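Student:
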Amino acid sequence: MKLNIKEHHLQWMSFYFESSTTNQIQASPWWETEVSWRFARLGLEISEAKKIWADISQQIAASVKNESEEIQNILFSTEKPKLL
């Protein structure tokens with residue numbers, strides 16, 4: 001899958017928008033300042049970065065959907081997993 005975005009931009013978007021959500025980060029003035037500072041250094045507005053992440057995260061999820069389902073089937077199966 002080819003994404004039309006710089007890899008380090010994508011890494012920071014993933015960290016700030018996905019990891020913080022997954023880890024249930026609490027609202028913090030320091031955190032908001034950090035996010036603003038980071039995206040300013042990357043030349044992005046937070047709103048722009050959020051929109052890009054919303055679009056790209058859906059593309060990523062769609063591209064790994066089949067593999068994810070296969071892994072879930074293996075993990076939750078009562079049968080012994082087959083070696084690839």
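FYI, the numbering used here numbers position 32 of the sequence shown as 32, with every residue one higher than the one before it. For glycine and all other residues, C-beta sits at the position ideal for the given N, C-alpha and C. A quick note: this is a predicted structure, and the numbers were derived from the prediction, not measured.
1. Name the two residues that bound the continuous alpha helix (DSSP H) containing Ser-63.
2. Confirm, please, whether the CB-CB distance from Ile-46 to Ser-36 is below 8 Å.
3. Between the alpha carbons of Glu-32 and Ser-20, how many angstroms are there, rounded?
4. Could you check the C-alpha separation between Gln-11 and Lys-65 for me, to the nearest Å?
5. Can you check whether the CB of Leu-44 is closer than 8 Å to the CB of His-9?
6. Which same chain residues end up closer than 6 Å to Trp-53 when comparing Cβ atoms and leaving out the 5 residues on each side of it in sequence?
7. Would DSSP call Gln-11 helix, strand or coil?
8. Taking the alpha helix (DSSP H) that Glu-34 falls in, what are its first and last residues?
Tutor: Judging by the given coordinates:
1. Locating residue 63 in the sequence shown gives position 63, counting from the first residue. Ser-63 -> alpha helix (DSSP H) spans 46-63.
2. For the purposes of this step, residue 36 is taken as residue 36 along the sequence shown, with counting starting at 1. For the purposes of this step, residue 46 is taken as residue 46 along the sequence shown, with counting starting at 1. The answer is yes: Cβ separation under 8 Å.
3. For this step, residue 32 is matched to residue 32 along the sequence shown. For this step, residue 20 is matched to residue 20 along the sequence shown. So the two alpha carbons sit approximately 12 Å from each other.
4. Numbered from its first residue, the sequence shown carries residue 11 at position 11. Numbered from its first residue, the sequence shown carries residue 65 at position 65. Using only the alpha carbons, I get a separation of about 20 Å.
5. Here residue 9 refers to the residue found at position 9 of the sequence shown. Here residue 44 refers to the residue found at position 44 of the sequence shown. Contact: yes.
6. By one-based count along the sequence shown, residue 53 stands at place 53. Excluding residues within five positions, the ones whose Cβ falls inside 6 Å are Met-13 and Phe-17.
7. Locating residue 11 in the sequence shown gives position 11, where the first residue counts as 1. Taken through DSSP and simplified to helix, strand or coil, Gln-11 comes out as helix.
8. For the purposes of this step, residue 34 is taken as the residue at position 34 of the sequence shown. Here the alpha helix (DSSP H) through Glu-34 covers 29-42.
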